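Number of protein chains: 4
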Amino acid sequence: MQIAFIGLGNMGGPMAVNLIKAGHSVKAFDLSQDALAKVQAEGGQAAASAQEAVQGAEAVVTMLPASQHVEGLFLGSGNLLASIAKGTLVIDSSTIAAATSQKVAKAAEAAGIDFIDAPVSGGTGGAIAGTLTFMVGGSDAALERARPLLEKMGKNIFHAGGVGAGQTAKICNNMLLGILMIGTSEAIALGVANGLDPKVLSEIMRRSSGGNWALEVYNPCPGVQEASAATRGYTGGFGTDLMLKDLGLAQENAMTVKASTPLGGMARAIYAAHSIAGHGGEDFSSVIKMLQKKG
Amino acid sequence: MQIAFIGLGNMGGPMAVNLIKAGHSVKAFDLSQDALAKVQAEGGQAAASAQEAVQGAEAVVTMLPASQHVEGLFLGSGNLLASIAKGTLVIDSSTIAAATSQKVAKAAEAAGIDFIDAPVSGGTGGAIAGTLTFMVGGSDAALERARPLLEKMGKNIFHAGGVGAGQTAKICNNMLLGILMIGTSEAIALGVANGLDPKVLSEIMRRSSGGNWALEVYNPCPGVQEASAATRGYTGGFGTDLMLKDLGLAQENAMTVKASTPLGGMARAIYAAHSIAGHGGEDFSSVIKMLQKKG
Amino acid sequence: MQIAFIGLGNMGGPMAVNLIKAGHSVKAFDLSQDALAKVQAEGGQAAASAQEAVQGAEAVVTMLPASQHVEGLFLGSGNLLASIAKGTLVIDSSTIAAATSQKVAKAAEAAGIDFIDAPVSGGTGGAIAGTLTFMVGGSDAALERARPLLEKMGKNIFHAGGVGAGQTAKICNNMLLGILMIGTSEAIALGVANGLDPKVLSEIMRRSSGGNWALEVYNPCPGVQEASAATRGYTGGFGTDLMLKDLGLAQENAMTVKASTPLGGMARAIYAAHSIAGHGGEDFSSVIKMLQKKG
Amino acid sequence: MQIAFIGLGNMGGPMAVNLIKAGHSVKAFDLSQDALAKVQAEGGQAAASAQEAVQGAEAVVTMLPASQHVEGLFLGSGNLLASIAKGTLVIDSSTIAAATSQKVAKAAEAAGIDFIDAPVSGGTGGAIAGTLTFMVGGSDAALERARPLLEKMGKNIFHAGGVGAGQTAKICNNMLLGILMIGTSEAIALGVANGLDPKVLSEIMRRSSGGNWALEVYNPCPGVQEASAATRGYTGGFGTDLMLKDLGLAQENAMTVKASTPLGGMARAIYAAHSIAGHGGEDFSSVIKMLQKKG
Numbered sequence: 001m002q003i004a005f006i007g008l009g010n011m012g013g014p015m016a017v018n019l020i021k022a023g024h025s026v027k028a029f030d031l032s033q034d035a036l037a038k039v040q041a042e043g044g045q046a047a048a049s050a051q052e053a054v055q056g057a058e059a060v061v062t063m064l065p066a067s068q069h070v071e072g073l074f075l076g077s078g079n080l081l082a083s084i085a086k087g088t089l090v091i092d093s094s095t096i097a098a099a100t101s102q103k104v105a106k107a108a109e110a111a112g113i114d115f116i117d118a119p120v121s122g123g124t125g126g127a128i129a130g131t132l133t134f135m136v137g138g139s140d141a142a143l144e145r146a147r148p149l150l151e152k153m154g155k156n157i158f159h160a161g162g163v164g165a166g167q168t169a170k171i172c173n174n175m176l177l178g179i180l181m182i183g184t185s186e187a188i189a190l191g192v193a194n195g196l197d198p199k200v201l202s203e204i205m206r207r208s209s210g211g212n213w214a215l216e217v218y219n220p221c222p223g224v225q226e227a228s229a230a231t232r233g234y235t236g237g238f239g240t241d242l243m244l245k246d247l248g249l250a251q252e253n254a255m256t257v258k259a260s261t262p263l264g265g266m267a268r269a270i271y272a273a274h275s276i277a278g279h280g281g282e283d284f285s286s287v288i289k290m291l292q293k294k295g
Numbered sequence: 001m002q003i004a005f006i007g008l009g010n011m012g013g014p015m016a017v018n019l020i021k022a023g024h025s026v027k028a029f030d031l032s033q034d035a036l037a038k039v040q041a042e043g044g045q046a047a048a049s050a051q052e053a054v055q056g057a058e059a060v061v062t063m064l065p066a067s068q069h070v071e072g073l074f075l076g077s078g079n080l081l082a083s084i085a086k087g088t089l090v091i092d093s094s095t096i097a098a099a100t101s102q103k104v105a106k107a108a109e110a111a112g113i114d115f116i117d118a119p120v121s122g123g124t125g126g127a128i129a130g131t132l133t134f135m136v137g138g139s140d141a142a143l144e145r146a147r148p149l150l151e152k153m154g155k156n157i158f159h160a161g162g163v164g165a166g167q168t169a170k171i172c173n174n175m176l177l178g179i180l181m182i183g184t185s186e187a188i189a190l191g192v193a194n195g196l197d198p199k200v201l202s203e204i205m206r207r208s209s210g211g212n213w214a215l216e217v218y219n220p221c222p223g224v225q226e227a228s229a230a231t232r233g234y235t236g237g238f239g240t241d242l243m244l245k246d247l248g249l250a251q252e253n254a255m256t257v258k259a260s261t262p263l264g265g266m267a268r269a270i271y272a273a274h275s276i277a278g279h280g281g282e283d284f285s286s287v288i289k290m291l292q293k294k295g
Numbered sequence: 001m002q003i004a005f006i007g008l009g010n011m012g013g014p015m016a017v018n019l020i021k022a023g024h025s026v027k028a029f030d031l032s033q034d035a036l037a038k039v040q041a042e043g044g045q046a047a048a049s050a051q052e053a054v055q056g057a058e059a060v061v062t063m064l065p066a067s068q069h070v071e072g073l074f075l076g077s078g079n080l081l082a083s084i085a086k087g088t089l090v091i092d093s094s095t096i097a098a099a100t101s102q103k104v105a106k107a108a109e110a111a112g113i114d115f116i117d118a119p120v121s122g123g124t125g126g127a128i129a130g131t132l133t134f135m136v137g138g139s140d141a142a143l144e145r146a147r148p149l150l151e152k153m154g155k156n157i158f159h160a161g162g163v164g165a166g167q168t169a170k171i172c173n174n175m176l177l178g179i180l181m182i183g184t185s186e187a188i189a190l191g192v193a194n195g196l197d198p199k200v201l202s203e204i205m206r207r208s209s210g211g212n213w214a215l216e217v218y219n220p221c222p223g224v225q226e227a228s229a230a231t232r233g234y235t236g237g238f239g240t241d242l243m244l245k246d247l248g249l250a251q252e253n254a255m256t257v258k259a260s261t262p263l264g265g266m267a268r269a270i271y272a273a274h275s276i277a278g279h280g281g282e283d284f285s286s287v288i289k290m291l292q293k294k295g
Numbered sequence: 001m002q003i004a005f006i007g008l009g010n011m012g013g014p015m016a017v018n019l020i021k022a023g024h025s026v027k028a029f030d031l032s033q034d035a036l037a038k039v040q041a042e043g044g045q046a047a048a049s050a051q052e053a054v055q056g057a058e059a060v061v062t063m064l065p066a067s068q069h070v071e072g073l074f075l076g077s078g079n080l081l082a083s084i085a086k087g088t089l090v091i092d093s094s095t096i097a098a099a100t101s102q103k104v105a106k107a108a109e110a111a112g113i114d115f116i117d118a119p120v121s122g123g124t125g126g127a128i129a130g131t132l133t134f135m136v137g138g139s140d141a142a143l144e145r146a147r148p149l150l151e152k153m154g155k156n157i158f159h160a161g162g163v164g165a166g167q168t169a170k171i172c173n174n175m176l177l178g179i180l181m182i183g184t185s186e187a188i189a190l191g192v193a194n195g196l197d198p199k200v201l202s203e204i205m206r207r208s209s210g211g212n213w214a215l216e217v218y219n220p221c222p223g224v225q226e227a228s229a230a231t232r233g234y235t236g237g238f239g240t241d242l243m244l245k246d247l248g249l250a251q252e253n254a255m256t257v258k259a260s261t262p263l264g265g266m267a268r269a270i271y272a273a274h275s276i277a278g279h280g281g282e283d284f285s286s287v288i289k290m291l292q293k294k295g
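Chains as they are written, first to last, in my numbering: chain A, 1 to 295; chain F, 1 to 295; chain V, 1 to 295; chain U, 1 to 295.
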């Protein structure tokens, strides 16, 4: 299938490569020549513009940093929707405001184009390995059209609801993750301050009612799990500033629907203070440092 | 084995019965005649006082409401330790301050008595079914003496560390649980306010990085899980006021060791406000009501 | 002076009347015929549209509910800026996002129109009495042009900085107010739960390092101050939902500039829960109800 | 009057000196020889023990670090109450748990001794200058006996209620102060991140509904007030760890009476994290550092 891929960053680049490896013809665009060159080296074609990339494409995949980039690309001065053929499928994997997804989807629908929001979780590791989780918002029909492509890039595909529901599911999940990580860090730090062994305590809580994903595969305490970001000095993984962005999207959404999210709001403030203290580039599990005395 | 069992409430009563069913001779004491009668009906003996109950006992099990009761029983005017024979094993399953466990253990040691703290999780259902989780603080030797008895009352036995470590592990776990439940409630309420189906969203998060015990077996949203406290009107289960007590113990401990527990402290304030609003007797997962508009 | 006044709600209506009483000729517009009629009854003229209102005006004052209304009015389909004569002074007293003020001001500047943001505090009482506080963002020159008009509607006029600074100062102040009110409520509720007299405790804190505006003139505990919203059943005053709106603007701003505002975020979540519980229309000091057991 | 003064630390030392300067005969005791020497140099007598200090005293003033010291002194192995003559007045100015004050007062009453709790605010500066604020719990009669002495050491004397009420009033006030300082810091940091001048913004809020003691005399932003702790590098003033102790007492009290104090609990966690980050010895207004990007 002829696919346009726009946005070749740390996530988008490897996702495009997985589509190429699966035998698809990918015409890619990014503002960075380096990013384009990497995809070309794997057998993709480089387009000189987004407009050129979508020429002849049966499907368009986008992976951009924030709401304003997605809105700007499709509806702004470039007005990419006008260049996309009627009947084309657009998969937006950016993590953005649900309201923006809905705005773009509405314009796409008017132009006879299928649009789904399909933000991902799983990090750069998952993008490279093709094991991402997709949370999809859109019609059943559009999701079924997209499924064969999503399966080349990911392992789990969840249908959250109509357009925008993928974004909402992702920020709900990531807000909860941000809370879990701080809560787990507090519990471990409290135990350690009382003389408990973090490995023993983590194992007890993992198998009890405190059990959660962080204890399972992402323990914030160095040395407890061999493969954790904590054990390798909080490098790699999911950065504090990225978590901060997702928690900001959750809070914006909470304000729009007038929801009360006390722990979600607090988690955002804590990661923000952690970023202010200079840890924005470290893995988000380094937040345990704020809660724990040094040796 | 001859066992003294002191404290026959909703938890202690069924625990004593499980020891009787396993063939032990249990002499029990409680201030409530009703509670005593129930244990007698299952084959236990009723003692007229704690002092009488411990006469001839090789092991003493206690299950009391709070620190002051445990301290009062063993070290107070009754001075029960003086009535317990040298070499006896004392298992205190009350959830109390670690410092109190350590104080009693020290006095017990001076009297040649083995003491372990062994608070439980699993609720009244687990107490009846004999599937409790024990978090044990004490020496290896004392735990091995206790293990055959604990295995009659529970399924999982964790050795958290020295005396008091059982208490610490339990409050760390329950603080984390209190946070998980509010965080999960916020995430579901936010999704529902955006039009998502709570079942679909819960399933997505359960299988993603937001996964945790509450999503697994204790969903706070009515109708998502058939067997949840939420679905049966927040009855049964683990009451808000009990969670409040455990979070209070965690905060007292945090103040003693000068730990920072922002979400743990916030969780306590939220359950306290929920209790003030009249929900102290409902299951703690009813906290989602504070975060969610009605109809 | 010929003045156009757009937006005649609970605040805008009395502000327009004060300009009329000071001898200005006011042509007013609002979507509500009732609101228009009230201003006509005081000697104002009713315009059939915003476009008609600004014809011949030397100054335009706007008082609208939210960012989208201000942006829609000046830059949207109506494109009011095109109808306003070069050299006119525009005073926007709406409480909106600073970024929106700056966007409108930029377009105004391009059209040769002076623009200041001048949000107010002081409530409907202050609007009627002409004792509002204005927090102004804009050039010195524009503020000096506006001052004679502002002095007819208010008592204190603060120059916070360039365009948008009035909005920022207002949300900083109101975020702090939202925090003060909850903090004061917690302190009084804690004292009362310990048996202290709320009047005695309030007076001690007012004269000590806990002293703040709420203790001075807006005590949240009924009966402590005769003229407080609390004493008259939390009616009148500044509604919970209005405070919620301002705290939402503060949080949006905090996310834009990546600031950490733990208590501001928590305050928003608390007022949101209070609104969810059905108190959105009561004065915001009724938040003390969440923290205090009933008799 | 013959006065015993026990506890000559940074606060107690200057308080004892002010009693000497007022013409009283002070027999003082402290474990530190240096502290004793300073009071001797001002004309006081050094006692070899607390027991010796109280011989012949008509009034006893104590200023100790924490609950356990006060309980230990009066009721513990030393059993000082037994050495104090019937009819003597005891003024305890330590900041401790209200429950401890009440326990000691009860024993004092049984021994025919008048006891008041009279914790202070005003810092070491106020102790030296004799301008402390006393918050007194006890009977009217006992307070009137104490007043002439309190007036030598302080300026404001508040009668909060029965025994323990002084302690409660103080922790309510200091909890509120801890909240005010963080809230004020958040508001200033948010304004500065938006480009506002901290002096201008502080002045606007001080004169508006955000007005509070911190803005009045204790601005956390360096350079805004010449005499502030912030301007002199957060030295002197009221240390973070002392604020942390008072917020801990407030939280312990809140747990005892089952109060909900969300901002008070959060404030404690924030100062605890600030202390963990190494700022425990700095003035508590340095908490603004957690919330504000450097240069």
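For glycine and all other residues, C-beta sits at the position ideal for the given N, C-alpha and C.
Predicted model only: the values in this text are computed from it and were never measured.
- When the beta-carbon positions are compared, Q45 (chain A) and V60 (chain A) stay at least 8 Å from each other.
- Contact between the segment 209 to 220 of chain F and the segment 181 to 190 of chain F is present: three or more C-beta pairs spanning the two stretches fall below 8 Å.
- Judged by DSSP in its simplified three-state form, D246 (chain A) adopts helix.
- DSSP places H69 (chain F) within a helical segment (H, G or I) once states are collapsed to three.
- Contact check for S101 (chain A) against D114 (chain A) fails: the beta carbons are separated by 8 Å or more.
- A contact is defined here as three or more CB-CB pairs under 8 Å, and the segment 239 to 246 of chain F meets this definition with respect to the segment 171 to 182 of chain F.
- In this structure, DSSP gives I116 (chain A) an extended state, which the three-state scheme calls strand.
- Look at M135 (chain U) here: in three-state DSSP terms it is strand.
- Taking a C-beta distance under 8 Å as the contact criterion, T261 (chain V) and A250 (chain V) qualify as a contact pair.
- Only residues of its own chain outside the window of five on either side were considered, and among them L89, D114 have a CB closer than 7 Å to the CB of R145 (chain A), listed in chain order.
- Residue environment: E71 (chain A) is assigned as buried (16 or more neighbouring CB atoms within 10 Å of its CB, all protein chains considered).
- Note: V54 (chain U) is not bridge-paired with any residue in the DSSP secondary-structure output.
- By a beta-carbon distance limit of 8 Å, L75 (chain F) contacts A107 (chain F). Their separation comes to about 6 Å.
- The beta carbon of L291 (chain A) falls within 8 Å of a beta carbon belonging to chain U, placing the residue at that interface.
- Cβ contact annotation for A189 (chain U) (same chain, cutoff 8 Å, sequence separation greater than five): I288, L291, Q292, in chain order.
- Under DSSP, N212 (chain V) shares a beta bridge with U:N212.
- Within a 10 Å sphere around the beta-carbon of A110 (chain U) sit fewer than 16 other beta-carbons, which makes this residue exposed.
- Within the segment 270 to 282 of chain U, I270, A272, A273, S275, I276 place their CB atoms closer than 8 Å to a CB of chain F, listed in sequence order.
- The residue from V:A160, V:A48, V:G125 with its alpha-carbon nearest to that of A98 (chain V) is V:A160.
- Taking 4 residues as the minimum length, the alpha helix (DSSP H) runs contained wholly in the segment 163 to 210 of chain V are 165 to 193, 198 to 206, in order along the chain.
- Nearest to G164 (chain A) by C-alpha distance, out of A:G178, A:S94, A:K38, is A:S94.
- Contacts with chain A at 8 Å (Cβ-Cβ) include Q251 (chain V).
- Q45 (chain V) sits in a strand when the DSSP states are folded into three classes.
- For T261 (chain F), the neighbours in chain U by C-beta distance under 7 Å run, in chain order, A269.
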